[in-house]
Amino acid sequence: MGHPVFHIAVIMERRALANRWQAQTWEAIGIIPDPGAAAPPRVLLQDAARSQWLHCGFQLELHRDEAENYYLNLSASQPCVFIVWRMEEDLAVPKFVTVSYGEAARFMDADEQVDTVPMPRDMCDWLGEFVNQHYRPEPKRRSRPPSFKGAKRD
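One point on numbering: in the numbering used here, the residue at position 31 of the sequence shown is 561, and numbering is uninterrupted.
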């Protein structure tokens, strides 16, 4: 049996800045269900102040060993999708998409650019089903400090 997969496309936005050191900034602003097979990035909107690009062909694949990290994401006040992206020439290109806190943290630790976008309701439901099926929290074990274990007497 394969891993559950959610097909998505990522929307990246470039905004012009009135700044002498940096002319523009990029960020991931959203995801949508993937409209089809992988295709070259295409412009959704463009004017002097900003442009938005659609990047298709991403698969969000779930793995059982990440279930705790998915649970942490779902239990946050605003569940999110993490978008890992890099600059290629003059275009910000998404490279990887995840809903795992752990995976996102590993990319951030490696100094990758990681943005978050709100997780759509249908994806929350899909992820919630997976978490309910595969996540089993470790029972909490209370360990007593040695001073509480009692004196050793002869």
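Just so it is clear, CB atoms sit at the ideal spot from N, CA and C, and this is done for glycine as well.
Is it the case that the Cβ atoms of R544 and R580 are separated by a distance below 8 Å?
At the C-beta level, R544 and R580 come within 8 Å of one another.
Going by C-alpha to C-alpha distance, which of Q643, C586 and E633 sits closest to D595?
Looking at the Cα atoms, E633 is the closest of the given residues.
Please say whether A597 and A546 have beta carbons closer to each other than 8 Å?
Note that the C-beta distance between A546 and A597 is not below 8 Å.
I'd like to check one pair, V540 with A558: are the Cβ atoms closer than 8 Å?
A contact, by the Cβ cut-off of 8 Å.
Going by beta-carbon coordinates alone, are P571 and W583 separated by less than 8 Å?
Contact flag set, yes.
I'd like to confirm the pairing. Which residues does DSSP put opposite I541 in its beta bridges?
DSSP, once it has assigned bridges, lists G560 and L584 as partnering I541.
Suppose the cutoff is 8 Å on Cβ atoms and the five residues either side in sequence are ignored; what does the same chain contact list for G658 look like?
Taken in chain order, the residues that qualify are L604.
D639: buried (16+ other C-beta within 10 angstroms of its C-beta) or exposed?
Exposed.
Look at the alpha carbon of E668 and the alpha carbon of Q576, and state the distance between them as a whole number of angstroms.
Between E668 and Q576, the C-alpha separation is close to 50 Å.
Chain-order list of residues whose beta-carbon lies under 6 Å from that of V644 (same chain, five-residue window excluded)
Close CB contacts of V644 within its chain, under the 6 Å cut and outside five residues either way in sequence, are with F612, V614, A634, F637 and M638 (chain order).
Three-way DSSP call (helix, strand, coil) for Q663 in this model:
In the structure shown, Q663 sits in a helix (DSSP, three-state: H, G or I).
Compare the C-alpha of P534 against each of H664, G566, F626 and S673 and name the closest.
It is H664 whose Cα lies nearest to the Cα of P534.
Over the uninterrupted alpha helix (DSSP H) stretch that includes M649, give me the two end residues.
Run containing M649: none; DSSP gives neither H nor E here.
Going by beta-carbon coordinates alone, are F660 and V627 separated by less than 8 Å?
Contact flag unset, no.
Taking only beta-carbon atoms, is L657 less than 8 Å away from chain B?
The structure shown contains no chain B; it holds only a single protein chain.
Since V623 sits in a beta bridge, which residues does DSSP pair it with?
According to DSSP, V623 bridges with R616.
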